[in-house]
Every structure is written in C-alpha cells, then in structure tokens.
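Comments concern the structure below.
Residue numbers (my numbering): 204 to 900.
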C-alpha cells in the first residue's frame, strides 16, 4: 500500500496552458477508492458483455502460438465494500460487484482467450478479522473453481493477523512466527482447497506458500506464489521447489517486491524485494518474471541475473483507483510466435455498470504506457540454459489475445461522455450561493513573500475572517514569518488567482504556522445539523512531503478535544471534533463527531492516495435529510463514505476553526505542508454545478 498513478504529460501541458478541456486531466489526476446470491444476475450480464465472436476482424491473419494469464491485483476493497456492514455499496449503487465480475469474466472467456491459469496478488480482503469480507472473496473465487479454471492465491499484509513490514522489522512478523490455527487466510483458503486445482503442486509447512504447474501451447510453466513476509525456511522451501523442477520457467508471485517511485511511473526497489533478489532470484535462472501488488499503480523493472539473463519485475495494484479499483485487472499474453509478453490492463466491471452512473473515471481499458505495454522476450533463448527443448508450440490462436480481449471488453460499451471543465474568466467567475457561511480566498500578496503574522484573510461573507496566528504559540518551536508565503500558484478551476504555501513544517519539532477564526466568529457555534453542509477546498501537497514529518497534517479543523463532548465514546479523545487531514498514506481524511445526543464517536470518509505536487479540489457534501456524507475528489465520489452523520459537533461558540493545522490534547499539532487555495463552507448540500469548480451563471 504505497504509491499511486501518473498525470499524463499531455494533461500537465493542458493544465499549464489553461486548456479548457480538463476531462482527461481530472480522470487521471486522482485514483481513489468509493458475493452474494444477487450477483448471479450480474454474471449473466457479464457473459453478455463478454461476447463470443472473435472481433479481430481479420480472417486472413496468420495463426500464432499464444496463451494468456489473468492477474487479479489487490481485491481488498472489493471484498470489504460488498459486505452488508459497509452498506453493500457496490450492489446498492451499481447492482453488481467488481470482484465477482472479474472472476466471472475470466470463467466466461478463458476458453476463447486461451487462459489456462489465473494469479491473485494478495490482499484478498481489507480487514483480516471480518468473516463477511472473506465470504465475498470465497464466493468470487468459487466462480473459478466451478468453471475449473485453476488459480494461485497468496496472503497479503491485510490477510494476516500480524502485518509487520520488512523495512520496519526484518526479523519478525514472518510466516514461521504466526499461530497458524488462528490465521483466517488458512481457514478460508486452506491447503485442502488448493489441492482441488488441477495445477496444484504443494504448499510449504506453514500453508502460506504454494506452487502450481500449468501447460500451455505444449510448454510447461511453474508459478511460485509466496505470501506476505516469507522466512528463510520458506525461501529454502521455494528453492527446493525450483530445484525439483529443473526445466520449468518460473513466474515468481509475491504481494510485495517492486515499488513505484514518487513520479508514479518509474520502478523503485524495496528492501524486501532486494532481499528476495539476493536470496532467491539472482542465482535461479528459471525465474524470468515476477509479479506483485501492494504498491499503488503500475511499474516495470528489468534486472539481470547472475547468468546474464533478464528478469522482468512488475508491480500492479489498482485499489486506490476510482471505486476501490473499478474492477481493473490484467491480462498477460505470452505470444510465443512473436516473442512478446503483452500486457493489458482492463475492467470487465465498468461495462456492466448502469450507463447513468458512468463518469470520466470509468475507463474499461487503460492506455497509459505503464499499464499497457509489451516486453520483448525470445523465450527459447531465455530458457535455453535450463530447458534447451523449449519450443514455440502449435499455432492455434487466430490473432493477438490482448486484442481479442480488448474487443470483448469494449463490445457494446460506449465510453462515457466527458464534461468540459472551463477555467474561470476572472476572479469573480464562480457560483455565488446564499447559504455560504464562510469563504476564504488566499491571495493578494507578492508571489513568494511572507504572510506576516496577524495578517487577516477576509471572509467573502464578511462574518468570519481568518488571521495568521502569532509565531511559536502553544508547543510550536522554530516557526518563522516565511513559513507561510503568498503564491500565484492555484488550481486551474479556482477563480481565486493564488494560494498560500505552508513551508518548513515538521511535526516532530514541532514547527508549523496556520490561520484561525476569532473567538467571536459566528461560524464557531454553527453545527449545520438541520441544513447539511458543503465544505470545499483546493489543496496541493508539497512535492517534498515526507510521511515521517507530515503524516496526518491538517487542512482544516475546529479546536477542542472531542473527548470533552457529552456522550463521546470513541477513539482518540485527544483529537479535535473535526479533522480535514492528509493521512500517512496521503489519503484525504474527513472525520467528524456528529451533532447528536447520546453516545457518539468520530465517523470518517476517506479518499484514495493523493498525488503530491498536484492541485486537487475536494468537496465534502452532507445531506440534511439522510445525513449521508460523500467526499468528492476532482469531482468523483470516493468509495469510503459515511452514513447517518448529522451536523458537525462543536465544543463551544468560542472554539475557532483552524486552517493549516490541528491540535492534539489541547496543543497545536499537525501543520499542513503544501498549498491551500480558497476554502468555502456552505450551509446546504450543494450540487456540483454550484461548487467552486463551476462558473457563474
């Protein structure tokens, strides 16, 4: 769970040039998150959209020898948000579920696409201790079992009871240090269940690691599937498996191995991946390819082993994409004739969704170069050292399987129309709403100059101005006037022609600067219980963001300790009653204590990971009737939202709102690091055509 996706260069250019059409930019800017018997109906829909005819349109094409492997990246959010405890969000909003859609598509199309095997990359569920999530996964994987499509599976960090990371603790948290009888993964996906696969070879003594062999185009391959945090004993077992099959090319599957750099495209090696390279991969020439999930996005790295041969390492994980992954998965075509591995990233679920629900984030096929690419590989030459008889096999396939799969997915599907995002004509070009309680616009000073302590930021309504607090109040140490500067930088859809930059923030010192309302400001007392609310903010996380210094930094809070609220019965009583923050994974957190009597706790909505050094618009909308709260990032609703959250609790009419920092146990804490543009709070649930990203009428 670490990285995210790129903003294509064309979109960046469009933004900097002020191009009106921002649809692609908004689609790729954020990748964020939003089996029951009822999904059986969805399966019939999938079968229909899967089609049956070869849509290549080229009957004269020369047949090739080719096969394809289906790959399921982290399915954790599909398992979680299909459960009744999470309001069955997929079924409720779309009438189907992505995990079931993925396996059903493979079952329906395995024969026509010559798919002999499916690989799961781990993080089967999100919360290891929730049986309902395991049941969703169980139902989805049963689809493959019924169809007799063999698969490998492994436990990711979310699938084990102790998920210590290798870099944090390289000697603890391994497979041999678990109480095996307590592990839910081994109960739901046991060795007994694995043995039902015709390809199954063996599991290690812990039951966490397994291998399979499959035959395709008259050639045999081995899939070595290793769960989270393998021990030296497990590695010795894996080496023994390879030694026992000395002629088989090996695909090594892990949950974690390769990471993705901050540019969201380039590969980045991990400590765990380097350990596996040294102890297992580099001197085992049979391992020609590795696959892993865990890190958000996609990247590819070619390394050279001790024999001078290439090892192709690939990471793919779409859990932080729209709707928790939007059903995205991969197909790896092994074109033995043309000596290529072709990679297709696609969603069989998107074409199933009701057309009225589709938006610019609903891509059925990804085309970015780190999600759709080919790798040249002379298979016979690459495998010659250990298998000199490896051959091309019979040319039984009419045309490229990736092309066929793409045609099947897109058959009858029309990509949703994209709205044209229009930049503002001037600083006043935004919708005015009479329910505005406060609207702070951070611009006016010379670019790069300090915002002097005490500087007032006007409220458009005139009722609730902000002011920059004096330096080094509370526990703050080392703050200087230049820690907040005026900036001409702003989101291309914000009419406010600037922002303020928060610099030099360090939560450990602690050093921070911020703005807050006066103790007499009217907004301090407002709870929005009967009206609902919309909170909007334009933010950009600084490109030098560092989790150790900036995790849980606050965009905006209101002061006080929520543990002092009557009836509070939840976690972190030292926190304020409202948190608009950025998590340790760069997710947007909107967590509030509702304005209700009786027992209450903090309830949170979460985005997916936000790309640093990129402007995003966030809108939080609370319905006054249902009290449902929905977070939107760049116009798209996130997956993880909350229901029945009336209003925003306040400690007192003198408890100020704070922009750029928060508090912990009454002391100032968790300052923002980056830019904040304009912020608006309205006492109603505004539709998107009234947001600050829209234009005046």
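Ideal Cβ placement from N, Cα and C applies to all residues, glycine included. What you are looking at is a predicted structure, and each value in this text was computed from that prediction instead of being measured.
6 Å Cβ shell around residue i - same chain, five flanking residues per side excluded
{"i": "residue 658", "result": "671"}
{"i": "residue 419", "result": "270 and 319"}
{"i": "residue 295", "result": "none"}
{"i": "residue 724", "result": "667"}
{"i": "residue 346", "result": "306, 307 and 310"}
{"i": "residue 753", "result": "876"}
{"i": "residue 896", "result": "696 and 820"}
{"i": "residue 889", "result": "737"}
{"i": "residue 686", "result": "706, 707 and 716"}
{"i": "residue 238", "result": "Confidence at residue 238 is low in this model, with a pLDDT of 29, below 50, so its placement is unreliable and no value can be given for it."}
Residue i at chain D interface by Cβ criterion, 8 Å
{"i": "residue 720", "result": "The chain labelled as chain D is not found in the depicted structure, where only one protein chain is given."}
Inter-residue spacing [alpha-carbon to alpha-carbon] between residue i and residue j
{"i": "residue 532", "j": "residue 396", "result": "24 Å"}
{"i": "residue 747", "j": "residue 621", "result": "33 Å"}
{"i": "residue 316", "j": "residue 439", "result": "36 Å"}
{"i": "residue 798", "j": "residue 874", "result": "26 Å"}
{"i": "residue 655", "j": "residue 684", "result": "6 Å"}
{"i": "residue 479", "j": "residue 353", "result": "26 Å"}
{"i": "residue 269", "j": "residue 597", "result": "9 Å"}
{"i": "residue 391", "j": "residue 359", "result": "14 Å"}
{"i": "residue 834", "j": "residue 737", "result": "10 Å"}
{"i": "residue 411", "j": "residue 858", "result": "52 Å"}
{"i": "residue 523", "j": "residue 591", "result": "43 Å"}
{"i": "residue 497", "j": "residue 745", "result": "24 Å"}
{"i": "residue 491", "j": "residue 868", "result": "53 Å"}
{"i": "residue 899", "j": "residue 825", "result": "23 Å"}
{"i": "residue 786", "j": "residue 289", "result": "21 Å"}
{"i": "residue 388", "j": "residue 580", "result": "36 Å"}
{"i": "residue 635", "j": "residue 894", "result": "9 Å"}
{"i": "residue 594", "j": "residue 422", "result": "7 Å"}
{"i": "residue 760", "j": "residue 783", "result": "6 Å"}
{"i": "residue 608", "j": "residue 281", "result": "22 Å"}
{"i": "residue 644", "j": "residue 473", "result": "42 Å"}
{"i": "residue 856", "j": "residue 832", "result": "24 Å"}
Residue i burial status per 10 Å Cβ neighbour count (16 or more: buried)
{"i": "residue 817", "result": "buried"}
{"i": "residue 548", "result": "buried"}
{"i": "residue 329", "result": "buried"}
{"i": "residue 489", "result": "buried"}
{"i": "residue 244", "result": "Residue placement at residue 244 is flagged as unreliable, the pLDDT there being 29, under the threshold of 50; a coordinate-derived value is accordingly withheld."}
{"i": "residue 602", "result": "buried"}
{"i": "residue 649", "result": "exposed"}
{"i": "residue 713", "result": "buried"}
{"i": "residue 510", "result": "exposed"}
{"i": "residue 604", "result": "buried"}
{"i": "residue 375", "result": "exposed"}
{"i": "residue 520", "result": "buried"}
{"i": "residue 735", "result": "buried"}
{"i": "residue 829", "result": "exposed"}
{"i": "residue 792", "result": "buried"}
Start and end residues, alpha helix (DSSP H) containing residue i
{"i": "residue 753", "result": "750-753"}
{"i": "residue 478", "result": "474-479"}
{"i": "residue 582", "result": "582-586"}
{"i": "residue 908", "result": "What the structure shows of the chain is the stretch from 204 to 900, and residue 908 is not part of that stretch, so it cannot be assessed."}
{"i": "residue 457", "result": "Note, residue 457: premise wrong, no alpha helix (DSSP H); beta strand (DSSP E) at 453-457."}
{"i": "residue 794", "result": "Element bounds for residue 794: not the alpha helix (DSSP H) but the beta strand (DSSP E), 790-795."}
{"i": "residue 294", "result": "292-297"}
{"i": "residue 311", "result": "301-312"}
{"i": "residue 439", "result": "435-447"}
{"i": "residue 341", "result": "334-349"}
{"i": "residue 283", "result": "279-283"}
Own chain partners of residue i with C-beta closer than 7 Å, once the 5 adjacent residues on each side are dropped
{"i": "residue 870", "result": "677 and 678"}
{"i": "residue 502", "result": "461, 463, 468, 469, 470, 518 and 573"}
{"i": "residue 733", "result": "827"}
{"i": "residue 850", "result": "730, 731, 732, 797 and 798"}
Boundaries (first-last residue) of the beta strand (DSSP E) holding residue i
{"i": "residue 870", "result": "870-872"}
{"i": "residue 880", "result": "877-885"}
{"i": "residue 832", "result": "832-836"}
{"i": "residue 273", "result": "269-275"}
{"i": "residue 736", "result": "736-744"}
Own chain residues within Cβ distance below 8 Å of residue i, not counting five before or after
{"i": "residue 613", "result": "554, 567 and 568"}
field: Ranges of the beta strand (DSSP E) found wholly within the region 636-683, counting only runs of at least 3
entry: 639-643 and 669-671
task: List in chain order: all unbroken beta strand (DSSP E) runs of 3+ residues lying wholly within the region 694-722.
output: 702-705 and 718-720
field: Runs of alpha helix (DSSP H) wholly within the region 352-400 (minimum 4 residues, chain order)
entry: 387-391 and 394-397
- prompt: Of all the beta strand (DSSP E) runs that stay within the bounds of the region 799-848, which reach a length of 3 or more residues?
  reply: 806-812, 818-825 and 832-836
query: Where are the beta strand (DSSP E) runs, 3 residues long or more, that stay fully inside the region 410-437, in chain order?
result: 413-419 and 422-429
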